[in-house]
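The working numbering numbers the first residue of the sequence shown as 5 and each following residue consecutively.
Down below is the structure, laid out as structure tokens.
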Amino acid sequence: MERWSEMLRLFRAVVSDPAMAEIIANPRVERTKLIELISNIGGKTFAKTTHNFLKVLVYHGRLTLVPEIAELFEEQRRDEEGKARVEVVSAFKLSPTHADAIAQAMTKRLDREVDLTIRIDKSIIGGVIVRAGDLVIDASLRGRLQQLAQELS
5 MERWSEMLRL FRAVVSDPAM AEIIANPRVE RTKLIELISN IGGKTFAKTT HNFLKVLVYH
65 GRLTLVPEIA ELFEEQRRDE EGKARVEVVS AFKLSPTHAD AIAQAMTKRL DREVDLTIRI
125 DKSIIGGVIV RAGDLVIDAS LRGRLQQLAQ ELS
């Protein structure tokens, strides 16, 4: 699974590159040339199964779906490993102590190990928003202000 994760990360980076996206979208580029180009970029990271996967995606015009495929694969992998992806959005950089406290609380709530991702978004003004799959905990100041505005209207 780790090898496929590595391959899909590289695959996603290649396909997401703006210059490569132009080549992929160009109908004049032959499929075999596109496969050869991406295979050369992948080098030894791409095993035989990867080349077969690449061919299927190219010949069926689905190469642009690689980022979504990679994300779904990682979700499945985390699920197999008993982990959950948790995104924390904060107005300011969290201290390691706060990040650990959130990770521990989410581990307890979800009953599984968490992979914590922290993103800064000053538009939430203060507090945090925690997302884990369908679960959203909005403890942001922006969220509280929106809730108050709804109650007043």
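Built from N, CA and C at the ideal position, the CB exists for glycine as well.
Just so you know, these numbers come straight off a predicted model, no measurement behind them.
Taken atom to atom, the span from the alpha-carbon of asparagine 44 to that of proline 31 is near 20 Å. Distance between glycine 131 and leucine 58, taken at the CA atoms: about 43 Å. Pairing leucine 14 with arginine 148, the inter-Cα distance amounts to about 40 Å. Ranked by Cα distance from methionine 5, the options Leu38, Gln80, Gln154, Ile27 are led by Gln80.
The distance from the Cβ of leucine 145 to that of isoleucine 128 is about 7 Å, consistent with a contact at the 8 Å cut-off. Apart from the 5 residues on each side of it in sequence, valine 118 sits with its Cβ closer than 8 Å to the Cβ of Lys87, Ala88, Arg89, Val90, Ala107, Met110, Thr111, Ala136 in its chain, given in chain order. Residue pairing from DSSP leaves alanine 107 without any beta-bridge partner.
As computed with DSSP, threonine 121 is found in a beta bridge with Glu91.
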